[in-house]
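Asks:
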Ligand code: GLU
């Protein structure tokens with residue numbers, strides 16, 4: 074490539090999304106006629122509930138939805154999100170604080186674009202969702218990881234967070250229920266982070282997209298409810314994808330202090346303008362309708378959770394703690410490294426290579442821990458059909474043990 078053809082440092086320094094890469098490879102293999110079982114992307118296998126689809130179908134017939142609408146979101150949806158926040162999180166927000174985004178991912182991206190100057194640091198509890206550090210880097214920021222292992226339910230300690238703080242620390246991410254670990258953080262952990270952030274003037278970015286997916290009596294702690302004083306420095310990120318089986322509809326949101334919300338709207342005005350109106354109308358039905366369908370899906374996820382954790386722990390060299398949230402099982406497979414396994418009795422030095430071979434030879438897609446700052450682990454999304462789950466686990470066991 075000639076010099077003039079070189080792309081920007083900004084894009085060259087960003088890693089591709091590993092979750093989407095595994096998912097698209099698995100889907101491409103399926104399209105080529107290979108029977109692959111996909112535990113890759115966290116994508117609910119259920120159809121979007123019928124009333125939501127009906128709202129979209131009605132919206133598509135209504136010419137008012139064919140036009141540009143306000144960049145920050147349809148006023149009815151911003152109001153519905155404010156109402157839903159009171160219902161679920163237990164505190165009031167004004168619709169002017171709500172910005173509707175193209176999926177939760179755009180809300181993540183915008184948060185850092187709005188808050189960070191070159192060199193500002195963001196503390197990222199690790200294991201982390203794969204796009205957080207890349208979104209920080211795209212804004213000129215520096216990701217600072219703070220690791221916590223299974224022995225601590227993957228919850229960062231305040232001592233470790235404080236040790237990572239410097240004069241450049243601008244923000245910290247909170248993500249509970251957590252992707253990739255499935256951990257639901259204890260109220261004390263969430264409260265301590267809020268108190269620490271208040272004391273040290275650090276923004277808090279709370280990604281609450283798995284809020285309704287809790288099991289075994291675990292409950293989501295909403296940081297803005299637990300410590301009301303943090304709300305003036307809090308950005309809450311959320312979306313309809315995981316809760317209502319709507320990943321392809323691309324509706325997320327940010328709730329932030331009004332000045333921050335206005336800045337997000339300004340940015341969006343140059344990036345994407347309004348989110349697709351049909352999807353926004355569907356989202357109004359989703360967030361203001363009953364949660365019954367959500368609880369039904371949660372019950373199904375719960376059964377799969379128990380099945381997959383038992384199946385993983387039944388495989389030699391795999392150790393999977395029981396997650397109590399989201400729809401991910403995060404298994405420690407370090408015992409499988411550096412010894413011959415798989416169809417060709419290959420020795421794998423890391424989980425990236427192991428996951429690639431598991432897909433190529435075993436036809437089972439999982440995301441390697443490297444994508445989440447946690448080498449030695451594999452992440453399995455159990456938002457797939459029950460039969461596929463059982464078959465995928467059978468294949469993996471056979472691939473490893475036989
Ligand atoms: N958030 C989901 C996951 O972690 C979907 C893929 C992505 O956007 O990362 O698998």
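In my numbering, the protein residues as written are 74 to 475.
Built from N, CA and C at the ideal position, the CB exists for glycine as well.
If you're wondering where the values come from, they're calculated on a predicted model, not measured in any experiment.
#1: Which whole-angstrom value is the C-beta distance of residue 439 and residue 113, which I expect to be below 8 Å?
#2: Of all the options 92, 272, 294 and 215, which has the alpha carbon lying nearest to the alpha carbon of residue 279?
#3: Check this for me: beta carbons of residue 316 and residue 367, under 7 Å apart or not?
#4: Let me check you understand the geometry: is the CB of residue 252 closer than 6 Å to at least one non-hydrogen atom of the ligand GLU?
#5: Going by the C-beta, is residue 114 closer than 6 Å to any heavy atom of the ligand GLU?
#6: Please report the straight-line C-alpha distance between residue 232 and residue 310, rounded to a whole angstrom.
#7: Does DSSP put residue 319 in a helix, in a strand, or in coil?
#8: Check whether the Cβ of residue 242 lies closer than 6 Å to any heavy atom of the ligand GLU, and answer yes or no.
#9: Can you tell me where the alpha helix (DSSP H) with residue 459 in it begins and where it stops?
#10: Are there any heavy atoms of the ligand GLU lying less than 6 Å away from the beta-carbon of residue 92, as far as the coordinates show?
#11: So, under 8 Å CB-CB, residue 352 and residue 324 are touching, yes? Tell me the CB distance rounded to an integer number of Å.
#12: From 178, 155, 269 and 209, pick the residue whose C-alpha is nearest to that of residue 93; which is it?
#13: Quick one: which unbroken beta strand (DSSP E) runs of 3-plus residues sit fully inside the region 183 to 256? Chain order, please.
#14: Answer yes or no: do residue 129 and residue 267 have a C-beta to C-beta separation smaller than 7 Å?
#15: State the beta-bridge partners of residue 361 as determined by DSSP.
#16: With a threshold of 16 other CB atoms inside 10 Å of the CB of residue 332, please say whether the residue is buried or exposed.
#17: Rounded to whole angstroms, how far is the Cβ of residue 385 from the Cβ of residue 399, which I believe are closer than 8 Å?
#18: CB-CB under 8 Å to residue 170, same chain, minus the five flanking residues each way: which ones, in chain order?
#19: Applying the criterion that 16 or more other CB atoms from any shown protein chain within 10 Å of the CB defines a buried residue, is residue 207 buried or exposed?
#20: Roughly how many whole angstroms lie between the Cα atoms of residue 373 and residue 191?
#21: How many Å lie between residue 142 and residue 150 at the Cα?
#22: Run through DSSP, which three-state label would residue 446 get?
#23: On the premise that residue 118 lies in contact with residue 458, defined as a C-beta separation below 8 Å, what is that separation, rounded to the nearest angstrom?
#24: Within 10 Å of its beta-carbon, does residue 305 have 16 or more other beta-carbons around it, so buried, or fewer, so exposed?
#25: According to DSSP, is residue 394 part of a helix, a strand, or is it coil?
#26: Starting from the C-beta of residue 83, find all residues in its chain whose C-beta is less than 7 Å away, skip the five residues before and the five after it, and write them out in chain order.
#27: In its own chain, which residues sit with a C-beta less than 8 Å from the C-beta of residue 375, not counting the 5 before and 5 after it?
#28: To the nearest angstrom, how far is it from the Cα of residue 108 to the Cα of residue 196?
#29: If you draw a straight line from the C-alpha of residue 237 to the C-alpha of residue 250, how long is it?
#30: Name the residue from 98, 225 and 307 whose alpha carbon lies nearest to the alpha carbon of residue 247.
#31: Quick one: what's residue 290 bridged to in DSSP?
#32: Go through the region 372 to 425 residue by residue and report every complete run of the beta strand (DSSP E) that reaches 3 residues or more, in order.
#33: May I ask you to report which of helix, strand or coil DSSP gives residue 262?
#34: Per DSSP, what are the beta-bridge partners of residue 453 in this structure?
#35: Are the region 217 to 227 and the region 252 to 263 touching, with three or more C-beta to C-beta distances below 8 Å?
Replies: On the basis of the coordinates in this document:
#1: At roughly 7 Å, the Cβ-Cβ gap stays under 8 Å, so residue 439 and residue 113 are in contact.
#2: Relative to the Cα of residue 279, the nearest Cα in the group 92, 272, 294 and 215 belongs to 294.
#3: Contact: yes.
#4: At least one heavy atom of the ligand GLU falls within 6 Å of the beta-carbon of residue 252.
#5: Yes, the Cβ of residue 114 comes within 6 Å of a heavy atom of the ligand GLU.
#6: Going by the C-alpha atoms only, they are around 26 Å apart.
#7: Shown here, residue 319 sits in coil according to DSSP, grouped into three states, outside any helix or strand.
#8: Every heavy atom of the ligand GLU is 6 Å or more from the Cβ of residue 242, so no.
#9: Where residue 459 is concerned, the enclosing alpha helix (DSSP H) stretches over 459 to 474.
#10: Yes, the Cβ of residue 92 comes within 6 Å of a heavy atom of the ligand GLU.
#11: With a Cβ gap of about 5 Å, residue 352 and residue 324 count as contacting.
#12: When 178, 155, 269 and 209 are compared, the shortest CA-CA separation from residue 93 is found for 178.
#13: For the region 183 to 256, the full-length beta strand (DSSP E) segments reaching 3 residues or more read 194 to 199, 215 to 220 and 242 to 248 along the chain.
#14: It is not a contact, given that the beta carbons lie outside the stated cut-off.
#15: Answer is none; residue 361 lacks a bridge partner.
#16: Classification for residue 332: exposed.
#17: So it is not a contact: roughly 16 Å between Cβ atoms.
#18: Only 155, 328, 329, 330, 331 and 334 meet the Cβ criterion.
#19: If you draw a 10 Å sphere on the C-beta of residue 207, you find 16 or more other C-beta atoms in it, and that means buried.
#20: Their Cα atoms are separated by approximately 45 Å.
#21: Those two C-alpha atoms are separated by around 12 Å.
#22: Collapsing the DSSP output to three states places residue 446 in coil.
#23: Contact annotation, residue 458 with residue 118: C-beta distance approximately 5 Å; criterion of less than 8 Å satisfied.
#24: It counts as exposed.
#25: Coil.
#26: Correct list, in chain order: 211.
#27: Same-chain partners within the cutoff: 288.
#28: Spanning the two alpha carbons is a distance of roughly 40 Å.
#29: Answer to the nearest angstrom: the Cα atoms are 23 Å apart.
#30: In this structure, 307 is the residue among 98, 225 and 307 with its C-alpha nearest to the C-alpha of residue 247.
#31: When beta bridges are read from the DSSP output, residue 290 appears opposite no residue.
#32: For the region 372 to 425, whole beta strand (DSSP E) runs of length 3 or above, ordered along the chain, are 401 to 405.
#33: If DSSP states are grouped into helix, strand and coil, residue 262 belongs with the helices.
#34: Per DSSP, 402.
#35: The region 217 to 227 vs the region 252 to 263: in contact.
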